[in-house]
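According to UniProt numbering, the residues represented by the sequence shown are 1 to 295, in order.
We put the CB at the ideal spot given by N, CA and C, even for glycine.
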Amino acid sequence: MAEKDASEKILESYNDVFSDIVNVLLFNGRQVLGADELEDQAPRTYYKADGRLHEIERDVAKRWKNGNIRVACIGFENQTASDPDMPLRVIGYDGAEYRAQLLGDNDTGSRYPVVTLVLYFGHEKPWSGPLSLKERLNVPKEFEPYVNDYKINLFQIAYLTREQVELFQSDFKVVADYFVQKRENGDYVPSSQDLTHVQETLQLLSIMTNDHRFEDAYNTSTDDRKGGPRNMCDVLDKVENRGIEKGIVKGESRGENKMALLVKKLLDQNRIDDVKRASEDEKSRAELMKELGIN
């Protein structure tokens, strides 16, 4: 998990990506949170228990500031699988931040809210874990009125609507589009959107899909006179070429690479409508592959 967490942090820690995720998921695309209004917050929080210092570490956390006034603390937790203890984890992260406010040097005595977003990247099945603290606890009916509930803010990236995906303005749009397509079609038609943080986007996709060809396509591009990939069309083109060179394109990987090659050839011919047909209809896809000599 350490490698996965480290890779996830790289992309989401950029202010333009962080603010974009928040604005789309919380505010339906309204530009409420500005990238220049964010300050980095150390993801580690410490607390004392049993006479020892303990550590709680978030995936990503930032504070939203209006001038010198802190408005909120926002954190992300990334998941590839359902976690039944997620409500307990979230209340621990949020509680640690509130405790830090309590113990911090704050002359005004003002306090600000803590909001945690759980980003679930699973595309084969939806989240099945509890969405609130009470769902996880076995509460005796006598105590029911006295036990406070605590819900989690879960966002299932692969289950976003097409309209929601289109609201993203940062590289996260490519990430969300990838997982939505994988859920809907089991396949991926690459986006021509140029990436700002190319390596970081490919690192995230490699780790979250357990397919290191994405990152390899970037790492092996240093010797390419044309330079590294700029968008997912470039990436899958390099993936296809490397697979053919090594003679390892087979099974499901071969199917995905054939699709990538088809899309590239269609885009080279400016056949946008055919790209859409290929992604939505298996028969049309087969006909187009035959036409372009992709076997």
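Asked, Found
"Among N28, G29, K62 and E280, nearest to Y112 - alpha-carbon criterion", "K62"
"Closer than 6 Å: I294 CB and nearest the ligand PLP heavy atom", "The ligand PLP is not among the ligands present in this structure, which contains no ligands whatsoever."
"C-beta atoms of D194 and R230 nearer than 7 Å", "yes"
"Beta-ladder partner(s) of R63, from DSSP", "E39 and C73"
"Spatially closest choice to A176 from E163, V60 and I157, by CA coordinates", "I157"
"Any 3 or more C-beta pairs closer than 8 Å across the region 148-157 and the region 120-132", "yes"
"contact_flag[the region 274-294, the region 181-196] where n(CB pairs < 8 Å) is 3 or more", "yes"
"Cβ contact (3+ pairs, closer than 8 Å) linking the region 195-204 and the region 161-177", "yes"
"Strand pairing of N78, partner residues [DSSP]", "L119"
"7 Å Cβ shell around I294 - same chain, five flanking residues per side excluded", "K258, L261 and L262"
"Cross-strand partners of S132 (DSSP beta bridge)", "K151"
"Cβ neighbour criterion (16 or more within 10 Å) applied to D94", "buried"
"Check whether V139 and C73 have beta carbons under 7 Å apart", "no"
"Alpha-carbon spacing of V22 relative to V71, whole angstroms", "14 Å"
"Per-residue DSSP class, three states only, for V114", "strand"
"With 16 other Cβ atoms within 10 Å as the buried cut-off, status of Y46", "With a pLDDT of 45 at Y46, under the threshold of 50, the modelled position of that residue is not reliable, and no figure is offered here."
"C-beta contact flag for P84 and Y150 at 7 Å", "no"
"Where the alpha helix (DSSP H) containing L160 begins and where it ends", "From DSSP, L160 is part of no alpha helix (DSSP H); its letter is neither H nor E."
"D230 in three-state terms, based on DSSP", "Note that residue 230 is Arg in the sequence shown here, rather than Asp. Here R230 sits in coil by DSSP."
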